[in-house]
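Everything in the sequence shown is counted per numbering that gives the first Met the number 0, starting at 0 for the first residue and increasing by one.
Just so it is clear, CB atoms sit at the ideal spot from N, CA and C, and this is done for glycine as well.
Step one of this worksheet: look at the structure below.
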Amino acid sequence: MKPLLERIPFYFVLAFLASCSTSNELVFEAMELDVDASPSMSSTAGDLDNDGDLDVLVVRKNASASIFINDGEGVFLESDQEFPRYHLTDGGIADLNLDGYLDLILVQYDEPNLLLLNDGAGEFSEIAQEFGNGPSVGVGIADFDIDGDLDVIFTDYEAPLQVWFNDGAGFFELSEQVFETANNRKVTLGDLDADGDLDVVVPRDFGESSVVLLNDGVGRFTLIDSGIETAGSNGINSSLGDVDGDGDLDILHNCHGCPDSIWINNGFSEFTDSGEALSEGWSYDSEFADFDLDGDLDIVIANNNIEDQVWLNDGKGVFILAANMPEQPGSTTLIVGDFDHDQDVDVFFARYNGREKVWLNSQLD
């Protein structure tokens, strides 16, 4: 970390920008990728070719997954890596065998989930392991038992969750813990009770309320009475971030066909509805990020049936819809990151019936 005096000029710049910003407008340069339109379901990012920038994996329904390689300036080209045609619902990127290279998890709805190891050159030609037999819709990767390697949790639809523990060499064994059958959707991970391990948020749909499961530190999860009441709201996805600046993680709950909601954490994984209603579209994905560089977390939402949206935080967890965003048909998945190395946050969108798009943030230009 640099000494404080070396960091002061950049902080002055951010403070000056924040003090000058009085509108709800952001400036993004939108670029459409020259690729075939495809039914995209989920996306995730990581430096797959070890060149220091973020690449993107997009998974698709009844189609091949794609890797998009970043040139370091936010320009993406589709890799020539070929994958079989799968019915994919989610994907993950992480170094699962501790060899220094990022591997892939591909989640299938009607077939086993797949582990593909990186050969060191960014190629994923070999299936190293199959997990379960579906129908899986989401994956989370983290060191649940705090033993130094990364474990995996799968959410299955109309089926129980599955937790798989890593032996340290990239081979996984199914946990003996039994979970209830439910209409599980995507999974989101974060330390909700500030005890140093990662807990789980699982949205549920068709009449079932979304749930929180707390980790005991060795990878056993307990369903708690979190205060979240979303029964009937068709939960699809969620994101975690400290929206009110009190040091704990709050929940953005994405809904299919009803308003997205924000649930405020009291620090003990007990949540209260903030009362705000965000996007009323078919919200399939979202991320927290500080897009306007004012020190708080804003929200970007991928809406399948309406325009994608950015919501700006006033610093206290109250959000206003950002104006003059790029016009774009709705998306099903997004990933955020500084794709062009200019110290602000950009967005990569993938859509169900359209081409991938990249929004490069010009906040510091």
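Judged by DSSP in its simplified three-state form, Ala127 adopts strand. Taking the Cβ atoms as the reference, Asp259 lies roughly 5 angstroms from Ser278, within the contact range of under 8 angstroms.
Taking C-beta atoms as the reference points, Trp163 and Asp155 fail to come closer than 8 angstroms. Around the beta-carbon of Leu239, 16 or more other beta-carbon atoms lie within 10 Å, marking it buried. Cys257 carries a coil assignment under DSSP once its states are collapsed to helix, strand and coil. Per the C-alpha coordinates, the member of Leu97, Val186, Glu31, Leu101 positioned closest to Asp50 is Leu101. Under DSSP, no beta-bridge partner is assigned to Asp166. Rounded to the nearest whole angstrom, the C-alpha separation of Lys356 and Leu197 is 31 angstroms. By the 16-neighbour rule on beta-carbons within 10 angstroms, Thr180 is exposed.
DSSP places Asn236 in the strand class (E or B) of the three-state scheme. Ranked by Cα distance from Asp224, the options Ser237, Asp245, Leu160, Asn264 are led by Asn264. In the same chain as Ile319, and ignoring 5 residues on each side of it, the C-beta atoms closer than 8 angstroms to its own belong to Asn23, Trp310, Leu311, Asp313, in chain order. By the criterion of a C-beta distance shorter than 6 angstroms, Val335 is surrounded in its chain by Glu286, Ala288, Val344, Val346, once the five residues flanking it on both sides are discounted.
Secondary structure note for Val177: it is in no beta strand (DSSP E), with a DSSP letter that is neither H nor E.
If you look at Tyr283, you'll find it in the beta strand (DSSP E) that goes 282-288. DSSP places Asn302 within a strand segment (E or B) once states are collapsed to three.
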